[in-house]
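I have placed the structure first, in the form of structure tokens, so that the comments after it can refer back to it.
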Amino acid sequence: MSFVFIKDLEVTYPDNEYPSIQIPELKINEGESVLITGKSGCGKSTLINVINGIIPKLIEADVKGEIKIFGEDISSLSVHQISKRVGTLLQDPDSQILNYFVKDEIAFPLQNLNYSKEEILKRINEVTDWVGIKHLLNRETFTLSGGEKQRTVLASILAMNPKALILDEPTSSLDSKATKDVIDKIKDIIKSDGVKSRNEERVKSIIIVEHKVTKVLPFVDRILVMDKGKIIYDLRKNDAILMAEELEKIGIEMPIRRKENIQRREGKIVLNATIKVTKDTHYLVNTEVSLSEGITALMGVNGSGKSTLLKAIAGLLPKDLKFEGSISIENKNNIEKMKIDKRGKLIAYLPQDVDLLFIKRTVEKELAYSMKLRNKKINESILQKYLNDFSLTEVKDRDPLLLSIGQKRRTALAITMISNVKVLLLDEPTTGQDWYHRKMLGEDLRKLKGVAILVVTHDPRFTYYYTDNVLLMDNGKIVYSGKPEEALKVASKEEIISEEELKEIEG
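Right, here's the structure in full:
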């Protein structure tokens with residue numbers, strides 16, 4: 001039996017003249033593990049949201065064609081019925097967590113399925129033991145790290161005994177250790193008996209949408225490569241390895257073959273700061289930082305204080321956090337005392353949750369507003385250049401809140417970079433971006449002159465190719481500063497990145 005059967009599929013979103021995806025035929029057999037990859041905005045999320053019924057049942061779109069899962073016409077099934085057959089782990093685990101405690105989050109779908117109390121407790125015990133989060137059962141979900149949230153959602157999905165799983169970029173927001181934990185669990189699902197259900201069934205099929213091809217390539221059966229809404233390659237993994245150079249050209253991240261000499265820049269110091277951030281009497285950040293012209297990567301495990309440091313520099317700390325210290329930019333002192341609107345003319349900040357930036361109804365209006373806010377006028381030719389450079393021309397009239405995560409991040413990056421400031425703070429801008437758009441980001445950042453750019457990232461490849469300096473952070477302090485070549489070795493020893501990632505870069 002086929003897990004997925006699609007014939008003559010076309011999906012067109014409201015107000016779009018042309019279909020976003022066109023799939024003449026697709027068959028995924030029961031028991032197969034399939035990787036779907038491609039540039040951001042190529043249609044990956046649309047395809048999986050058709051398979052799991054989110055489109056058109058929850059997200060409006062005109063869907064034509066035949067779609068079946070496990071032999072059943074998907075149009076005859078409710079979202080609830082589909083979710084019992086196909087579990088979906090989304091890119092952003094926060095969007096799937098509904099309950100205050102971990103144990104309640106896992107119990108919730110079982111209660112909806114009318115499991116008895118005894119069955120629910122038995123199932124929670126089984127899945128939390130297998131996923132490795134039994135020690136988190138009494139934790140509040142909002143206190144979890146990114147990796148812990150991913151595993152909590154995965155446990156709640158597996159508790160429903162789905163026959164198949166769809167994982168939509170499950171590692172996009174995770175550091176190296178959390179990524180390894182999630183990947184190891186995916187391997188276990190595919191290669192072992194996984195978690196048995198009441199009738200001794202288990203997950204038999206899996207679809208993974210992922211930009212980090214090298215992470216999942218060893219344990220999938222097939223690779224579907226999408227571009228402009230179409231499947232352009234349907235490959236066995238050995239064929240994908242042989243086509244690595246060709247796939248790199250269309251933005252697919254394949255293993256690096258050789259180490260390259262990168263020109264590192266030595267610019268003048270733009271920002272000096274002493275930052276102390278406390279909550280009650282506990283220091284979250286207590287460090288000094290200097291930023292020179294060019295690109296500086298800020299790396300560290302989840303929870304080391306990276307995002308808090310950026311918010312402190314930008315003047316955007318939550319009210320329950322206390323700031324002490326000083327910030328100077330070039331010949332201007334006491335930046336920390338400036339009102340937020342004046343500070344915003346010197347410092348631009350891109351948060352992890354880019355939805356917070358969007359206040360206009362179209363992408364083009366967002367960019368125009370940001371340009372006018374800081375420069376008092378709109379330069380139409382520059383505006384169009386940013387739309388084009390960030391692959392946003394085709395969606396310029398779309399509501400940014402309705403874009404894919406990759407498109408949202410590119411919109412947010414364009415808004416931030418169009419600002420013409422002295423200090424640019426980017427919190428994980430490569431998250432959810434394919435290699436093509438990460439390269440484009442790096443190249444665009446390197447074109448900026450006289451700007452100090454601080455980039456929080458878990459991405460060693462981007463760090464190696466495009467940054468000039470690296471800061472490593474641990475427990476709220478900058479513990480290392482150096483060039484990428486040496487810094488990444490230190491990062492590997494400190495388990496900020498994996499040994500495998502370091503070996504791939506070193507060639």
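Residue 335 in the UniProt record's numbering is what sits at position 335 of the sequence shown, and the numbering runs on without skipping anything.
The C-beta atom is built at its ideal place from N, Cα and C for all residues, glycine as well.
Computed from a predicted model, the values in this text were never measured in an experiment.
Could you have a look at residue 390 and say whether DSSP puts it in helix, strand or coil?
As a working note, residue 390 is residue 390 in the sequence shown. DSSP places residue 390 in coil when its eight states are reduced to three.
Is DSSP giving residue 272 helix, strand or coil here?
Here residue 272 is taken as the residue at index 272 of the sequence shown, counted from 1. In this structure, residue 272 counts as strand in the three-state DSSP scheme.
Looking at residue 508: is its Cβ nearer than 8 Å to the Cβ of residue 204?
It is not possible to answer for residue 508, since the shown part of the chain is limited to 1 through 507.
Taking Cβ positions, are residue 353 and residue 401 nearer each other than 8 Å?
The count along the sequence shown starts at 1 and reaches residue 353 at position 353. The count along the sequence shown starts at 1 and reaches residue 401 at position 401. At the C-beta level, residue 353 and residue 401 stay beyond 8 Å of one another.
So what's residue 485 in DSSP terms, helix, strand or just coil?
In the sequence shown, the residue the question calls residue 485 occupies position 485. If DSSP states are grouped into helix, strand and coil, residue 485 belongs with the helices.
DSSP three-state assignment for residue 339, whether helix, strand or coil:
Reading the sequence shown from its first residue, position 339 is the one you call residue 339. In the structure shown, the three-state DSSP call for residue 339 is coil.
Looking only at its chain, what residues have a beta carbon closer than 6 Å to the beta carbon of residue 390, apart from the 5 residues adjacent to it on each side?
Residue mapping note: residue 390 aligns to position 390 of the sequence shown, counting from 1. These residues qualify, in order along the chain: 410, 414.
Taking the runs of the beta strand (DSSP E) that are 3 residues or longer, which of them lie wholly in the region 134 to 172?
Within the region 134 to 172, complete beta strand (DSSP E) segments of at least 3 residues are found at 164 to 168, given in chain order.
Indicate the three-state DSSP secondary structure (helix, strand or coil) for residue 80 in the structure shown.
Taking the sequence shown and counting its residues from 1, the one referred to as residue 80 is at position 80. Taken through DSSP and simplified to helix, strand or coil, residue 80 comes out as helix.
Out of 395, 488, 74, point me to the one whose CA is closest to residue 458's CA.
To locate residue 458, count along the sequence shown from 1; it is residue 458. Each of 395, 488, 74 was checked against the Cα of residue 458, and the nearest Cα belongs to 488.
What do you get for residue 81, buried or exposed, if any count of 16 or more other CB atoms within 10 angstroms of its CB means buried?
Here residue 81 refers to the residue found at position 81 when the sequence shown is read from its first residue. Here residue 81 is exposed, its C-beta having fewer than 16 other C-beta atoms within 10 Å.
Using the Cβ count rule (16 or more neighbours within 10 Å means buried), how would you classify residue 293?
Translated into positions along the sequence shown, residue 293 becomes position 293. When all chains shown are included, residue 293 counts as buried.
Considering only residues of the same chain and omitting the five flanking positions on each side of residue 12, which have a CB-CB separation below 6 Å?
Translated into positions along the sequence shown, residue 12 becomes position 12. Apart from the 5 residues on each side of it in sequence, residue 12 sits with its Cβ closer than 6 Å to the Cβ of 19, 62 in its chain, given in chain order.
Between which two residues does the beta strand (DSSP E) holding residue 353 run?
By 1-based counting over the sequence shown, the position of residue 353 is 353. It is not in any beta strand (DSSP E) - residue 353 carries neither H nor E in the DSSP assignment.
For residue 118, is the classification buried or exposed, using 16 other Cβ atoms within 10 angstroms of its Cβ as the cut-off for buried?
If you number the sequence shown from 1, residue 118 lands on position 118. Under this definition residue 118 is an exposed residue.
Quick test of your reading: residue 36 and residue 338, contact by CB under 8 Å. State the CB separation rounded to the nearest angstrom.
Translated into the one-based positions of the sequence shown, residue 36 becomes position 36. Translated into the one-based positions of the sequence shown, residue 338 becomes position 338. The beta-carbon separation of residue 36 and residue 338, rounded to 47 Å, does not stay under the 8 Å limit for a contact.
Tell me which residue opens and which closes the alpha helix (DSSP H) that residue 55 is part of.
Looking up residue 55 in the sequence shown gives position 55. First-last of the alpha helix (DSSP H) with residue 55: 54 to 57.
Would you list the residues sitting across from residue 222 in a DSSP beta bridge?
For this step, residue 222 is matched to residue 222 along the sequence shown. For residue 222, DSSP records a beta bridge to 34, 236.
Please name the residue in 347, 15, 66 whose C-alpha comes closest to that of residue 26.
Translated into the one-based positions of the sequence shown, residue 26 becomes position 26. Comparing Cα positions, the closest option is 66.
Pick from 320, 370, 326, 351: whose alpha carbon is nearest that of residue 341?
Against the sequence shown, residue 341 aligns to sequence position 341. The residue with the shortest Cα to Cα distance from residue 341 is 370.
What residues are listed by DSSP as bridge partners for residue 426?
For this step, residue 426 is matched to residue 426 along the sequence shown. Here residue 426 is bridged, per DSSP, to 350, 455.
Residue 152 to residue 146 span [Cα, whole Å]
Indexing the sequence shown from 1 puts residue 152 at position 152. Indexing the sequence shown from 1 puts residue 146 at position 146. Each residue's alpha carbon lies about 10 Å from the other.
Determine the DSSP secondary structure at residue 437, reduced to helix, strand or coil.
Within the sequence shown, the letter at position 437 stands for residue 437. Residue state, collapsed to three classes: helix.
On the DSSP bridge list, what partners appear for residue 243?
As a working mapping, residue 243 is identified with position 243 in the sequence shown. Paired residues: none, contrary to the question.
If distances are taken between C-alpha atoms only, which option among 252, 148, 90, 138 comes closest to residue 433?
For the purposes of this step, residue 433 is taken as the residue at position 433 of the sequence shown. Checked all of 252, 148, 90, 138; the closest Cα to residue 433 is 252.
Does the count of Cβ pairs from the region 467 to 474 and the region 294 to 301 closer than 8 Å reach three?
Short answer: they touch.
With H, G and I counted as helix, E and B as strand and the rest as coil, what does DSSP make of residue 369?
Here residue 369 refers to the residue found at position 369 of the sequence shown. Secondary structure at residue 369: helix, using DSSP grouped into helix, strand and coil.
Between the C-alpha atoms of residue 94 and residue 168, what's the straight-line distance to the nearest angstrom?
Sequence index remark: in the sequence shown, residue 94 carries index 94 (1-based). Sequence index remark: in the sequence shown, residue 168 carries index 168 (1-based). If I take the Cα positions, the gap works out to 14 Å.
Buried or exposed: which applies to residue 43, given that a residue is buried once 16 or more other Cβ atoms fall within 10 Å of its Cβ?
As a first step, residue 43 is located in the sequence shown; it is residue number 43 there, counting from the start. Buried, by the Cβ-count rule.
Sort 279, 429, 439 by Cα distance to residue 453 and report the nearest one.
Your numbering for residue 453 matches position 453 in the sequence shown. It is 429 whose Cα lies nearest to the Cα of residue 453.
Relative to the ligand MN, is the shortest distance from any of its heavy atoms to the C-beta of residue 25 smaller than 7 Å?
Among the ligands in the structure shown, none appear at all, so the ligand MN cannot be discussed.
CB contact flag (residue 416, residue 316, <8 Å)
The residue given as residue 416 occupies position 416 in the sequence shown. The residue given as residue 316 occupies position 316 in the sequence shown. Contact flag unset, no.
Extent of the continuous beta strand (DSSP E) run through residue 5
Along the sequence shown, one-based indexing puts residue 5 at 5. Residues 2 to 12.
Got a sec? Which residues, its chain only, sit under 8 Å from residue 382 by beta carbon, not counting five neighbours each side?
On the sequence shown, residue 382 is found 382 positions in, with the first residue counted as 1. In its chain, beyond the 5 residues on either side, 371, 418 have a beta carbon closer than 8 Å to the beta carbon of residue 382.
Count the other CB atoms within 10 Å of the CB of residue 161; is the residue buried (16 or more) or exposed (fewer)?
For this step, residue 161 is matched to residue 161 along the sequence shown. Buried, because 16 or more other Cβ atoms sit within 10 Å of the Cβ of residue 161.
How many angstroms separate the CA atom of residue 38 from the CA atom of residue 323?
In the sequence shown, the residue the question calls residue 38 occupies position 38. In the sequence shown, the residue the question calls residue 323 occupies position 323. When rounded, the distance between both Cα atoms is 42 Å.
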